[in-house]
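Each residue of the sequence shown is one higher than the last, beginning at 432 in my numbering.
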Amino acid sequence: MPRYTVLREKILEIMRMRRKKNLEEKIEKFEGKTLFTVRSDDLNFKTSLEKKEYLDLYSIFGRQAPLELEIGSGKGGFICETAKRNPGTNFIGVEAERNVAYMSAKKIFESDEKNVIILNTLAEYLPKYIHENSCEKIYLNFSCPYPKADYESHRLTSEMFLKIYDGLLKKDGVIIQKTDDRKFFEYSIESFSSFGFRIRNVSLNLHEDNYPENIVTEYEKKFVEMGKPIYRLEAHR
Numbered sequence: 432m433p434r435y436t437v438l439r440e441k442i443l444e445i446m447r448m449r450r451k452k453n454l455e456e457k458i459e460k461f462e463g464k465t466l467f468t469v470r471s472d473d474l475n476f477k478t479s480l481e482k483k484e485y486l487d488l489y490s491i492f493g494r495q496a497p498l499e500l501e502i503g504s505g506k507g508g509f510i511c512e513t514a515k516r517n518p519g520t521n522f523i524g525v526e527a528e529r530n531v532a533y534m535s536a537k538k539i540f541e542s543d544e545k546n547v548i549i550l551n552t553l554a555e556y557l558p559k560y561i562h563e564n565s566c567e568k569i570y571l572n573f574s575c576p577y578p579k580a581d582y583e584s585h586r587l588t589s590e591m592f593l594k595i596y597d598g599l600l601k602k603d604g605v606i607i608q609k610t611d612d613r614k615f616f617e618y619s620i621e622s623f624s625s626f627g628f629r630i631r632n633v634s635l636n637l638h639e640d641n642y643p644e645n646i647v648t649e650y651e652k653k654f655v656e657m658g659k660p661i662y663r664l665e666a667h668r
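Put into structure tokens, the structure is as follows:
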């Protein structure tokens with residue numbers, strides 16, 4: 432196994448957190464404030480999407496404003512800082528892992544940012560809870576590349592997920608992707624292009640390009656310290 436692959440897996444293992452003791456009791460403090468848990472009784476997301484249960488974003492945020500999503504929000508550093516820099520926009524960080532969603536919600540609660548929440552659900556179910564054509568931007572930061580061909584459908588830039596994003600985005604919406612995995616990046620470019628997205632502002636080494644508005648995620652910091660290039664693109668609907 433290549434040295435970088437070994438190091439990458441070690442980093443991911445370190446940054447994954449063990450399930451916290453009394454997690455559900457701790458989550459109660461944030462539920463309905465910075466954390467919103469949604470579950471479908473129908474475990475087949477394709478049939479589940481037939482029954483919509485849209486979030487009342489006006490009640491949640493107390494206003495109407497442009498909406499942006501981060502899918503796979505991790506510990507919440509990126510979405511929290513992005514919300515802080517853009518007070519006129521509402522943000523939703525989507526995180527499937529319960530333990531990690533708790534950490535994100537806690538960070539947001541402590542930051543006291545009012546324009547950002549964490550939605551604890553799988554990305555496949557987003558059209559059930561988020562209105563069609565309502566999102567300005569979708570962020571994909573360091574998604575798992577699922578390198579084995581058998582797991583292609585799990586990649587967050589596979590055709591299945593692009594169909595979901597295409598439905599959520601507004602007419603001029605954009606997906607912004609960052610990754611440390613070159614093969615996954617190349618796969619994503621091909622996938623976006625085949626689906627009909629227009630690729631713009633491609634960077635093969637984001638930190639050398641000195642992109643001024645970049646917000647460094649937890650994973651990104653670790654990979655940059657390893658000397659790895661960070662790849663970035665914008666896919667326009």
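Ideal Cβ positions, reconstructed from N, Cα and C, are used throughout, including at glycine.
Take the alpha-carbon of GLU499 and the one of SER624: they are about 22 Å apart. In the three-state reduction of the DSSP assignment, TYR662 falls in the strand class. In this chain, the beta strand (DSSP E) harbouring ARG629 covers 629-634.
By the Cβ criterion, the region 474-482 is not in contact with the region 561-568, since fewer than three pairs of Cβ atoms, one from each stretch, lie closer than 8 Å.
Residue environment analysis places GLN608 among the buried positions, since at least 16 neighbouring C-beta atoms fall within 10 angstroms of its C-beta.
Across the set ASN645, LEU637, PHE461, the C-alpha of ASN645 shows the shortest separation from the C-alpha of ARG516. GLY508 is a Cβ neighbour of GLU649, given a cutoff of 9 Å.
The alpha helix (DSSP H) runs of length 4 or more contained entirely in the region 504-537 are, from start to end of the chain, 508-516.
Beta-bridge annotation (DSSP): GLU462 is paired with LEU466. For VAL605, the CB contacts under 8 Å within the same chain, skipping 5 residues up- and downstream, are GLU567, LYS568, ILE569, GLU665, ALA666, HIS667, ARG668 in chain order. Counting along the chain, the unbroken beta strand (DSSP E) around ASP603 starts and ends at 600-610.
Inter-residue distance for THR610 and THR520 is about 24 Å (C-alpha atoms, whole angstroms). When DSSP assignments are scanned along the region 549-624, the uninterrupted stretches of alpha helix (DSSP H) that are 4 or more residues long and fall wholly within it turn out to be 557-560, 590-599. Between LYS464 and the set SER471, ASP473, TYR485, ILE491, the nearest pair of CA atoms involves ILE491. Inter-segment contact for the region 585-596 and the region 629-648 is absent: fewer than three beta-carbon pairs are separated by less than 8 Å. When the beta-carbon positions are compared, THR513 and GLU528 stay at least 9 Å from each other.
Taking a contact as a CB-CB distance under 8 Å, the pair SER574 and GLY503 counts as one, their CB atoms being some 6 Å apart.
Remark: C-beta atoms of PHE615 and PRO576 approach each other more closely than 9 Å. In the three-state reduction of the DSSP assignment, LEU454 falls in the helix class, which pools H, G and I. Under the DSSP assignment, ILE502 falls in the beta strand (DSSP E) whose first and last residues are 498-502. Between the C-alpha atoms of LYS537 and PHE461 there is a straight-line separation of about 7 Å.
Look at VAL655 here: in three-state DSSP terms it is helix.
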